[in-house]
Structures are given as structure tokens and as C-alpha cells.
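Participant: 28 is the number of the first residue of the sequence shown in this note's numbering; add one for each residue after it. In this text, a Cβ means the ideal position worked out from N, Cα and C, and glycines have one as well. This structure is in C-alpha cells; I'll ask about it shortly.
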Amino acid sequence: MAVAIAVTRERREGETRCAVTPETVKKLIALGATVSVEAGTGLGSSIPDDDYAAAGATVRPDLATVLAGADVLLKVRGPTAAEISALKPGAVVAAMLDAYREKAGVEALKAAGATAFAMEFVPRITRAQVMDVLSSQANLAGYRAVIEAAYAYGKGFPMMMTAAGTVAPAKVFVMGVGVAGLQAIATARRLGAVVTATDVRPATKEQVESLGAKFLAVEDEEFRNAQTAGGYAKPMSAEYQAKQAVLTGEHIRKQDIVITTALIPGRAAPVLVSAEQAASMKPGSVIVDLAVEAGGNVEGSKANEVVTTAGGVQIVGWTNLPGRIAADASALYARNLVAFLGLMIKDGALAVDLDEEILKAAVVTHGGAVVHEGVKG
């Protein structure tokens with residue numbers, strides 16, 4: 028019997044992405060699955076129901092009929108209480124669960140007996156790259172951050188030489204050089220800005236310079252050891268943060284645009300830009316805080332608001348930048364999910380091996396228990 032995959036429409040406010048596209052419906056069917064899609068699932072990504080039907084999916088009118096008998100539920104964000112309550116015991120859920128913060132959702136999945144996978148926990152190893160939703164979505168977030176900055180900024184990005192005079196290029200400073208930061212650097216450079224960037228991980232210096240930007244950091248011994256084996260930034264000491272703040276504070280004052288991207292898994296986002304530093308910028312300057320949903324890198328940023336300071340600096344705090352480029356974000360995310368499900372669907376049957384390296388790293392709940400060590404507490 029084919030694996031029954033269900034995809035429901037996203038119910039989180041402002042979520043425009045979807046977990047499958049017509050392209051990936053065909054791929055899931057080729058794996059040996061049937062796909063049921065709730066009506067309206069793809070509208071935020073400009074995918075009409077007819078396109079899903081043409082690809083081989085069954086379009087169902089509501090949540091209950093989609094989830095009836097489903098073996099697997101695919102989502103962008105974690106399922107709601109209504110979705111979880113409609114799952115059959117032992118169903119597999121794959122979504123970005125935000126498991127460190129959405130404790131109630133994790134507990135509900137545990138109580139329902141679901142085997143729930145947090146796609147954000149997929150390990151960053153070579154063979155899991157095609158499943159890495161953090162990278163696929165952060166890449167688009169970095170791009171979109173620059174577009175949002177350019178929209179809010181009252182001047183052009185590139186140098187322009189005209190008969191009436193020369194327009195100076197914008198100065199862009201990117202703080203945090205992960206996937207989002209690197210794409211922000213590349214996009215700002217493509218638009219003609221003069222770009223600088225900073226990160227506590229020494230390996231990023233070469234990456235920044237390869238994109239034609241200048242690297243800025245206090246390069247002491249702590250800096251040289253500030254990266255985990257998994258490639259994430261380590262929390263820095265108060266002493267290092269103080270030295271870095273002096274260096275970056277003077278630099279921020281001279282910038283037109285600052286984009287902050289620093290996140291630490293399982294922790295609140297570090298504050299990189301103080302209210303005082305934001306106030307030091309010229310009127311009309313823009314700060315985009317990509318970490319606002321995790322508490323924010325910028326003092327004074329607010330989720331899903333553009334805050335204008337007394338000095339005329341705009342702080343942009345959109346929480347779902349990939350969702351502002353939903354068609355591409357959905358396409359990439361859906362491909363990540365297909366690759367991930369390929370680990371569990373074998374010869375047309377569902378075979379979940381929790382000893383498999385990638386599945387073991389991503390599973391959060393199984394058999395009525397929370398099994399992920401980082402989420403248990």
C-alpha cells in the first residue's frame with residue numbers, strides 16, 4: 028500500500044510558503060507515495076489547486092479530509108493543535124518545528140504519538156546538504172534583506188556618474204556571515220554598494236573577501252577559536268564582545284545600511300547593535316534585523332514592524348523574509364523535503380530508521396516521548 032502523504036495549508040499568520048510544489052508532487056509519487064493537498068495550500072506561492080491536481084495530487088476541501096489516514100504530514104511551520112489532533116497515532120511529521128521555542132507544539136506532538144522531525148535540525152554534513160532547509164531559506168532571506176533595505180533606503184546603491192554630478196555608492200555593513208550573510212554581501216555587491224562584513228568565526232574572513240567585501244573583526248586568540256565543529260558561532264566572552272563593540276560601533280556610525288544575521292541555535296539572538304549605535308547613524312539610514320524572531324540583534328527592533336528612531340534611522344524587523352519571496356522559497360523547501368523523505372520511503376513503503384544519522388539528528392518526538400536531547404529540557 029502506497030505511503031499516504033498529506034500537505035495542509037499553512038495556518039501561521041503571515042506564512043506564505045508551502046511544503047510541496049507540483050514538481051515535488053511528481054517526485055513524491057515516483058517514490059511510491061500518494062499525495063493529498065488541502066485546497067488553497069499553494070496560493071501564497073502562486074500555485075493554484077489545478078496545478079497540484081495536474082501533477083497527480085488529490086486536492087481535498089479541508090483539513091480533516093486531507094489528514095484522514097495520512098502516514099506523513101508535511102508542513103513549512105509546525106502543525107497547529109487542530110492538525111495534530113487529526114493525526115493518526117504514529118504518523119510522521121516533517122516541518123520547521125522551531126522546537127527550542129515552540130514547547131507547546133512539541134508537547135502536543137509527543138502526546139499524539141507522532142514521530143516528528145524538525146527540519147532545522149538536519150545536520151550540516153555533506154550528504155545532507157540537499158535537505159538543509161536552514162541554508163535554502165537563509166540564502167533567500169539574505170537576498171531579500173538587501174531588497175528590503177534598498178526599498179527603505181532613500182538613495183541608490185551603486186555609484187552613478189551623470190552630467191549633473193556623481194552619486195556616491197551606499198555603504199553596507201553585514202553582521203554575521205553565515206548563509207544569509209554571504210548572500211546579503213553578494214546581493215549588495217551586485218547592486219553596487221561598498222560592503223564590509225564581520226563575524227566571530229575566522230573561516231568567514233576568506234569567504235567575505237572572495238565576494239569583494241572587506242572583513243572587520245578583532246582578530247585575537249578568542250576569535251581564532253570561535254567556531255564549533257558543526258560550523259556555528261560560539262558564544263563570545265563579555266571581554267571580546269566589549270572590544271568588538273568598540274570596533275563595530277565606530278564603523279556602524281559611518282554606514283548607510285546595516286544587516287544583522289547572527290543566530291545561535293537554542294539561544295536568544297545576541298544583541299549586536301545597541302540603541303546608541305543605531306542613533307549614531309545618519310538620518311535615512313536603514314538597519315535590517317534578520318534575527319528579530321529570536322529576540323533580535325538590534326536593540327529596539329520589533330517583529331514585523333519598521334521602527335523609525337528619533338534620529339530618522341529605520342529598523343526593519345520582518346520575521347519571515349523567505350516568505351516575502353514565497354515562490355522560490357517554497358520550491359527550495361519542497362525539494363529539501365523530498366530528499367529527506369527519500370531516507371524513509373523505501374520500495375514504496377514507510378521505513379523510519381531512527382539509527383540513520385540524519386534522521387537521528389532531526390527527530391524530536393517518537394513513541395510518545397521527546398527524544399531529542401537538546402529539546403528535552
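Does the separation of the CB atoms of Ala253 and Met263 fall below 8 Å?
Facilitator: Against the sequence shown, residue 253 aligns to sequence position 226. Against the sequence shown, residue 263 aligns to sequence position 236. Closer than 8 Å, so yes.
Participant: How would you label Asn324, buried or exposed, when you count the other beta carbons within 10 angstroms and need 16 or more for buried?
Facilitator: In the sequence shown, the residue the question calls residue 324 occupies position 297. Burial call: buried.
Participant: Roughly how many whole angstroms lie between the Cα atoms of Asp77 and Lys130?
Facilitator: In the sequence shown, counting from the first residue as 1, residue 77 sits at position 50. In the sequence shown, counting from the first residue as 1, residue 130 sits at position 103. Each residue's Cα considered, the two are about 36 Å apart.
Participant: Which residues share a DSSP beta bridge with His393?
Facilitator: Along the sequence shown, read from residue 1 onward, the residue named residue 393 stands at position 366. DSSP lists Ala396 as partners of His393.
Participant: Expressed to the nearest angstrom, what Euclidean distance is found between the alpha-carbon atoms of Pro88 and Ile74?
Facilitator: Locating residue 88 in the sequence shown gives position 61, counting from the first residue. Locating residue 74 in the sequence shown gives position 47, counting from the first residue. In a straight line, the C-alpha of Pro88 is about 16 Å away from that of Ile74.
Participant: Within its chain, find whatever has a CB closer than 7 Å to the CB of Ala80; leave out the 5 residues flanking it on each side and keep chain order.
Facilitator: In the sequence shown, residue 80 corresponds to position 53, counting from 1. Cβ neighbours of Ala80 beyond the five flanking positions: Val86.
Participant: Please name the residue, chosen from Lys182, Ile291, Phe184 and Gly219, that lies closest to Asp226 on a Cα-to-Cα basis.
Facilitator: Locating residue 226 in the sequence shown gives position 199, where the first residue counts as 1. Among Lys182, Ile291, Phe184 and Gly219, the Cα nearest to that of Asp226 belongs to Ile291.
Participant: What does the alpha-carbon distance come out to for the pair Leu55 and Val62?
Facilitator: Within the sequence shown, residue 55 is the residue found at index 28, counting from 1. Within the sequence shown, residue 62 is the residue found at index 35, counting from 1. About 7 Å.
Participant: Which residues share a DSSP beta bridge with Ile286?
Facilitator: Numbered from 1 along the sequence shown, position 259 holds the residue referred to as residue 286. According to DSSP, which records beta bridges pairwise, Ile286 is partnered with Val201 and Val315.
Participant: Once you ignore the five residues that flank Phe144 on each side, which residues in its own chain have a CB closer than 6 Å to its CB?
Facilitator: Counting from one through the sequence shown, the residue named residue 144 turns up at place 117. Once the five neighbours on either side are set aside, the close Cβ partners of Phe144 are Ala121, Ala389 and Val390.
Participant: Alpha carbon to alpha carbon, what distance is there between Lys329 and Tyr170?
Facilitator: As a first step, residue 170 must be located in the sequence shown, where it is residue number 143. As a first step, residue 329 must be located in the sequence shown, where it is residue number 302. Rounded to whole angstroms, Tyr170 to Lys329 spans 21 Å at the Cα level.
Participant: May I have the straight-line CA-CA distance separating Ala84 from Ala95, to the nearest angstrom?
Facilitator: For the purposes of this step, residue 84 is taken as the residue at position 57 of the sequence shown. For the purposes of this step, residue 95 is taken as the residue at position 68 of the sequence shown. Roughly 15 Å between the two C-alpha positions.
Participant: Considering only the beta carbon of each residue, do Leu90 and Ala113 sit closer than 8 Å?
Facilitator: Residue 90 sits at position 63 when you count from the first residue of the sequence shown. Residue 113 sits at position 86 when you count from the first residue of the sequence shown. A contact, by the Cβ cut-off of 8 Å.
Participant: Do Arg44 and Ser357 have their CB atoms nearer than 8 Å?
Facilitator: Residue mapping note: residue 44 aligns to position 17 of the sequence shown, counting from 1. Residue mapping note: residue 357 aligns to position 330 of the sequence shown, counting from 1. Yes; because the gap between Cβ atoms is below 8 Å, this pair is in contact.
Participant: State buried or exposed for Ser237, treating a residue as buried only when at least 16 other CB atoms are found within 10 Å of its CB.
Facilitator: The sequence position of residue 237 within the sequence shown is 210, counting from 1. Counting Cβ neighbours within 10 Å, Ser237 comes out exposed, since fewer than 16 surround it.
Participant: Report, in whole angstroms, the separation of the C-beta atoms of Val149 and Val160, which I expect to be a contact under 8 Å.
Facilitator: Within the sequence shown, the letter at position 122 stands for residue 149. Within the sequence shown, the letter at position 133 stands for residue 160. The Cβ separation is near 7 Å, so the contact holds.
Participant: By alpha-carbon positions, which one of Pro116, Ser162 and His399 ends up nearest to Pro293?
Facilitator: Translated into positions along the sequence shown, residue 293 becomes position 266. Going by the sequence as given, residue 293 is Gly instead of Pro. Out of Pro116, Ser162 and His399, His399 has the C-alpha closest to the C-alpha of Gly293.
Participant: Start and end of the beta strand (DSSP E) containing Val119?
Facilitator: Taking the first residue of the sequence shown as 1, we reach residue 119 at position 92. Taken as a continuous stretch (DSSP letters only), the beta strand (DSSP E) holding Val119 covers Val119 to Met123.
Participant: Tell me the DSSP secondary structure of Leu101 in three-state form.
Facilitator: Numbered from its first residue, the sequence shown carries residue 101 at position 74. Here Leu101 sits in strand by DSSP.
Participant: Have a look at Gly67 and Phe184 and give me their C-alpha separation to the nearest angstrom.
Facilitator: Residue mapping note: residue 67 aligns to position 40 of the sequence shown, counting from 1. Residue mapping note: residue 184 aligns to position 157 of the sequence shown, counting from 1. When rounded, the distance between both Cα atoms is 38 Å.
Participant: Helix, strand or coil: how does DSSP classify Val47 here?
Facilitator: As a working mapping, residue 47 is identified with position 20 in the sequence shown. Val47: coil per DSSP, three-state reduction.
Participant: Among the candidates Ala211, Ile111 and Phe242, whose CA atom is the shortest distance from the CA of Leu274?
Facilitator: Taking the sequence shown and counting its residues from 1, one reaches residue 274 at position 247. Nearest C-alpha to Leu274: Phe242.
Participant: Straight-line CA distance for Ala230 to Glu246?
Facilitator: Working through the sequence shown from its first residue, we reach residue 230 at position 203. Working through the sequence shown from its first residue, we reach residue 246 at position 219. In a straight line, the C-alpha of Ala230 is about 12 Å away from that of Glu246.
Participant: According to the Cβ coordinates, are Thr223 and Phe200 closer than 8 Å?
Facilitator: Your numbering for residue 223 matches position 196 in the sequence shown. Your numbering for residue 200 matches position 173 in the sequence shown. Yes, the Cβ-Cβ distance between Thr223 and Phe200 is below 8 Å.
Participant: Could you compute how far the alpha carbon of His393 sits from the alpha carbon of Asp380?
Facilitator: Here the question's residue 393 lines up with position 366 in the sequence shown. Here the question's residue 380 lines up with position 353 in the sequence shown. Going from the Cα of His393 to the Cα of Asp380 covers about 12 Å.
Participant: If you follow the alpha helix (DSSP H) that Val143 is part of, which residue opens it and which one closes it?
Facilitator: Reading the sequence shown from its first residue, position 116 is the one you call residue 143. Sequence check: residue 143 is Ala here, not Val. Segment Thr142 to Ala145 is the beta strand (DSSP E) holding Ala143; no alpha helix (DSSP H) there.
Participant: Rank Tyr267, Lys270, Pro310 and Ala302 by C-alpha distance to the C-alpha of Asp283 and give the top, closest one.
Facilitator: As a working note, residue 283 is residue 256 in the sequence shown. Comparing Cα-Cα distances from Asp283 to each of Tyr267, Lys270, Pro310 and Ala302, the minimum goes to Pro310.
Participant: How would you write the range of the alpha helix (DSSP H) that Thr193 sits in, first residue to last?
Facilitator: Counting from one through the sequence shown, the residue named residue 193 turns up at place 166. Looking at the DSSP string, Thr193 is not in any alpha helix (DSSP H); the run it does join, the beta strand (DSSP E), is Gly192 to Val194.
Participant: Please report how far the alpha carbon of Leu209 lies from the alpha carbon of Val173, in whole angstroms.
Facilitator: For this step, residue 209 is matched to residue 182 along the sequence shown. For this step, residue 173 is matched to residue 146 along the sequence shown. If you take the alpha carbons of Leu209 and Val173, they lie about 11 Å apart.
Participant: On a CA-only basis, which of Ala289, Ala244, Lys261 and Ala295 is nearest His278? Give me that one, please.
Facilitator: One-based indexing of the sequence shown puts residue 278 at position 251. Looking at the Cα atoms, Ala244 is the closest of the given residues.
Participant: Do you know how far the Cα of Glu384 is from the Cα of Ala57?
Facilitator: The residue given as residue 57 occupies position 30 in the sequence shown. The residue given as residue 384 occupies position 357 in the sequence shown. Going from the Cα of Ala57 to the Cα of Glu384 covers about 24 Å.
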